[in-house]
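**Q** In numbering that gives the first Met the number 0, the protein residues as written are 0 to 527.
Positions of the beta carbon are idealized from the N, C-alpha and C atoms, including for glycine.
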Amino acid sequence: MKWRQGLMVLLAVMLLLPAWSGLAGARANAASVISIVLDGQRIQGDVDPYIVSNTTLVPMRLVSENLGAQIQWSQSEKVVKINQGGTLLSIPLGSKTAFVNGNSVDLEAPVTSLNGRIMVPLRFVGQGLGLSVNWNQATQTITLTTPDGSIGVPVPGVPDNEGKLTALRGVWIATVSSLDWPASKSASTQQAQFSTMLDQLQETGVNAVFVQVRPSADALYKSSLVPWSNVLTGTQGKDPGYDPLAFMIEEAHKRGMEFHAWFNPFRASTGSSTANLVSGHVAKAHPDWMVNFDGKLYINPGIPAARQSVIDNVMEVVNNYDIDGVHLDDYFYPYGESASKKFGDDGTYSLYNTAAYPNKGDWRRANINSFVQTLGSSIHSVKPDVRYGVSPFGVWRNGSSDSLGSSTRAGVTAYDSTYADARTWIKNEWIDYVVPQIYWSSANTAANYKTLVDWWADTVEGTDVDLYIGEAAYKVGTSEAGWSSASELTDHLAYTIGRSNVDGNIFFRAQNILSSKVKSTLQQYWAN
0 MKWRQGLMVL LAVMLLLPAW SGLAGARANA ASVISIVLDG QRIQGDVDPY IVSNTTLVPM
60 RLVSENLGAQ IQWSQSEKVV KINQGGTLLS IPLGSKTAFV NGNSVDLEAP VTSLNGRIMV
120 PLRFVGQGLG LSVNWNQATQ TITLTTPDGS IGVPVPGVPD NEGKLTALRG VWIATVSSLD
180 WPASKSASTQ QAQFSTMLDQ LQETGVNAVF VQVRPSADAL YKSSLVPWSN VLTGTQGKDP
240 GYDPLAFMIE EAHKRGMEFH AWFNPFRAST GSSTANLVSG HVAKAHPDWM VNFDGKLYIN
300 PGIPAARQSV IDNVMEVVNN YDIDGVHLDD YFYPYGESAS KKFGDDGTYS LYNTAAYPNK
360 GDWRRANINS FVQTLGSSIH SVKPDVRYGV SPFGVWRNGS SDSLGSSTRA GVTAYDSTYA
420 DARTWIKNEW IDYVVPQIYW SSANTAANYK TLVDWWADTV EGTDVDLYIG EAAYKVGTSE
480 AGWSSASELT DHLAYTIGRS NVDGNIFFRA QNILSSKVKS TLQQYWAN
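As structure tokens, this is what we get:
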């Protein structure tokens, strides 16, 4: 490992250079489709690899970005000189020769600069610096491996050596009530805790994080629309002194992890009182939008202006941050409504049922359908590459209620309880991915894990919607049937890996997946 750290420092020294101009030469066969994978992690930046005279030139900065080092730059000689650990490295710009401790290394093509990035021949990366290099013509992928044999954590969607796409291995990081993070009100401690948590998740095998950035109509990011969350400082609206979202994205991307911003769209507060809410909070700014249900405040999804305000809040993050995805959780209308405990939207139903839906259930589903579709269109209109997904309750409908439903006997369903018609979203491709929360074991007879995986896999068949399975890491070690040990989770992984149309798994939640009984089991499984 010391060898690899030394190499990375040298690479960092080579790459974090002043912006050089020109000398891009005749850029032939521009290849934006070429991918670079270092120790199992995809690395990419603002300059793509390209081919000149059958020689592949790669941006060396990608290999060591964010590591940093000290350099000496000779403006007159156009030479970078590095003295690191007794090794003197000289790299003349435009030359086909580099020097290591005075010994020349011949290059197949001259070192060039493109948009301020240093481009070097691929063979130099391998032979000159000791990296193993593999070129996959079929997938247009360059795979680099360091001598210590580290394989890292594969990036979702990157082909392996057999050309198979790597599955997503995700985890939800809950911030409401500081369930997973942050555990401190100190900015520096928060940052250290988050970095350590990512290191531990990566060691386990996780390659994507879904972080709750809007827990209760508040923000873990700089916003002109919603107040700072109280989980950061203990006081809602108080600036934590740094931008947590920007920091978290940077830390995730350093490790080759995807970062999905997780939003609770309609929860306004985890309590019913507004006394501790700042004046700009939606519950105080728009009390007419609030519904007090089961001791919590909710934004009424039946009010068009209220729905649009949530979309505006999400789009602020999409526009201002380098996120990989927008993620919505499972409830839109809240769980727990009964004959004696109603979500109070009768007046809204009378006022806004302009399409004359014959019952409130259909009207509520139409509200959520409109919200899901409009938000997706808004995201993709400004950033088509940002992926948009929802994590509904694991049972859409029971087959006894609907012939299109699953062979289950669940007491709660997404369609009838939270008015989330995920099947419609999938069939219309309003979302890019769906993560049903299949939080039951393979031993459960009312809602069987395998039965539900098959139903969702069949539902996404023929669409461009990816399917990730939501996994209940929090149930391991409980008395519920099938959950006595973490082997239930690895049984789930074994089943989904062999199931067509399943693209990965996401675990609820970080604290549970990092418990010793779960972490060691998953780490060993993924390593093999």
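Helix, strand or coil for W537, going by three-state DSSP, please let me know.
**A** For the chain, the structure presents residues 0 to 527; residue 537 sits outside this window and is missing.
**Q** Pairing CB atoms from the stretch 325 to 345 with CB atoms from the stretch 242 to 258, are three or more of them under 8 Å?
**A** At 8 Å Cβ cutoff, the stretches do not touch.
**Q** With a Cβ-Cβ cutoff of 8 Å, do G335 and G393 count as a contact?
**A** It is not a contact, given that the beta carbons lie outside the stated cut-off.
**Q** Candidates K449, K382, D463: which alpha carbon is nearest N427's?
**A** When each option's Cα is compared against that of N427, the closest is D463.
**Q** Could you check whether the stretch 285 to 304 touches the stretch 247 to 259, counting it as contact only if at least three pairs of C-beta atoms, one from each stretch, sit closer than 8 Å?
**A** They do not touch, by the three-pair rule.
**Q** G21: buried (16+ other C-beta within 10 angstroms of its C-beta) or exposed?
**A** With a pLDDT of 35 at G21, under the threshold of 50, the predicted position of this residue should be treated as unreliable, though the coordinate-derived value follows. Classification of G21: exposed, given that the 10 Å Cβ count is below 16.
**Q** Where does L510 sit, in a helix, a strand or coil, going by DSSP?
**A** Looking at the sequence itself, residue 510 is Gln, so the reference to Leu does not match. Three-state DSSP puts Q510 in a helix.
**Q** For L22, which three-state DSSP category applies?
**A** In this predicted model, L22 has a pLDDT of only 34, less than 50, meaning its place in the structure is not dependable; the value taken from the coordinates is given anyway. In this structure, L22 counts as coil in the three-state DSSP scheme.
**Q** Determine the DSSP secondary structure at G84, reduced to helix, strand or coil.
**A** Residue confidence for G84 is low, a pLDDT of 42 falling below 50, so the modelled location carries little weight and cannot support an answer.
**Q** Of the residues T140, I322, D179, P155, which one's Cα is nearest the Cα of I512?
**A** Measuring from the Cα of I512, the nearest candidate turns out to be D179.
**Q** DSSP has P91 in a bridge; who is on the other side?
**A** Looking at the DSSP assignment, P91 forms a beta bridge with V78.
**Q** Taking S223 as the reference, which of M196, M314, V46 has the closest Cα?
**A** Closest by alpha carbon: M314.
**Q** Are G169 and V212 close, meaning C-beta to C-beta below 8 Å?
**A** For G169 and V212, no; Cβs fall outside 8 Å.
**Q** For A445, I'd like the list of residues in its chain whose CB is within less than 6 Å of its CB, leaving aside the five on either flank, ordered along the chain.
**A** For A445, where only same-chain residues beyond five positions count, the Cβ hits under 6 Å are R408.
**Q** For P435 and P391, I'd like the C-alpha separation in whole angstroms.
**A** If I take the Cα positions, the gap works out to 5 Å.
**Q** Quick one: is I496 buried, meaning 16 or more other Cβ sit within 10 Å of its Cβ, or exposed?
**A** Classification for I496: exposed.
**Q** Please confirm whether P155 and G375 have their CB atoms less than 8 Å apart.
**A** No.
**Q** Look at the alpha carbon of E107 and the alpha carbon of P153, and state the distance between them as a whole number of angstroms.
**A** Looking at the two C-alpha atoms, the distance is approximately 30 Å.
**Q** Tell me, please, whether the stretch 316 to 329 touches the stretch 367 to 383 by the rule of three or more beta-carbon pairs shorter than 8 Å.
**A** Touching, per the Cβ criterion.
**Q** With a CB to CB cut of under 6 Å and the five nearest residues on each side skipped, what residues in its chain are close to Q372?
**A** Cβ within range, chain order: W429.
**Q** CA-CA distance, S441 and W525?
**A** Near 20 Å, if we compare the C-alpha coordinates of W525 and S441.
**Q** Since I believe V501 is in contact with A456 (beta carbons under 8 Å), could you give me their beta-carbon distance rounded to a whole number of angstroms?
**A** That belief holds up - the Cβ atoms of A456 and V501 are roughly 6 Å apart, short of 8 Å.
**Q** Check for me: the beta strand (DSSP E) holding T111 runs from which residue to which?
**A** Residues 111 to 113.
**Q** Does the count of Cβ pairs from the stretch 267 to 283 and the stretch 224 to 234 closer than 8 Å reach three?
**A** In short, these stretches touch, since the Cβ pair count reaches three.
**Q** Give me, in chain order, the residues of the same chain whose beta-carbon lies closer than 8 Å to that of L451; leave out the 5 immediate sequence neighbours on both sides.
**A** For L451, where only same-chain residues beyond five positions count, the Cβ hits under 8 Å are G393, V394, S405, T407, P435, I437, W439.
**Q** Assign Q466 to one of two classes, buried (16 or more other C-beta atoms within 10 Å of its C-beta) or exposed (fewer than that).
**A** Gln is not the amino acid found at residue 466; the sequence shown has Leu there. Answer is buried; the Cβ neighbour count reaches 16.
**Q** For D490 and K516, I'd like the C-alpha separation in whole angstroms.
**A** Approximately 15 Å, taken between the alpha carbons.
**Q** Is A485 buried or exposed, if buried means 16 or more other CB atoms sit within 10 Å of its CB?
**A** Classification of A485: buried, given that the 10 Å Cβ count is 16 or more.
**Q** Give the secondary structure of E470 by DSSP, where H, G and I count as helix, E and B as strand, and everything else as coil.
**A** The answer is strand: DSSP assigns E470 an E or B state.
**Q** From the DSSP output, in three-state form, read off T477 for me.
**A** Of the three classes helix, strand and coil, the one that applies to T477 here is coil, per DSSP.
**Q** I need the DSSP call for S268, collapsed to helix, strand or coil.
**A** If DSSP states are grouped into helix, strand and coil, S268 belongs with the strands.
**Q** Exposed or buried, what is A338 when buried is set at 16 or more other beta-carbons lying within 10 Å of its beta-carbon?
**A** Exposed.
**Q** Who are the Cβ neighbours of K221 in its own chain at under 7 Å, not counting the five residues just before and after it?
**A** Correct list, in chain order: D242.
**Q** Identify the continuous alpha helix (DSSP H) that holds D490 and give its terminal residues.
**A** Taken as a continuous stretch (DSSP letters only), the alpha helix (DSSP H) holding D490 covers 486 to 496.
**Q** Going by other Cβ atoms of all chains shown within 10 Å of its Cβ, with 16 needed for buried, is T417 buried or exposed?
**A** The residue in question, T417, is buried, as its Cβ has 16 or more Cβ neighbours within 10 Å.
**Q** Measuring alpha carbon to alpha carbon, tell me which of V411, T232, R422 ends up nearest L403.
**A** It is R422.
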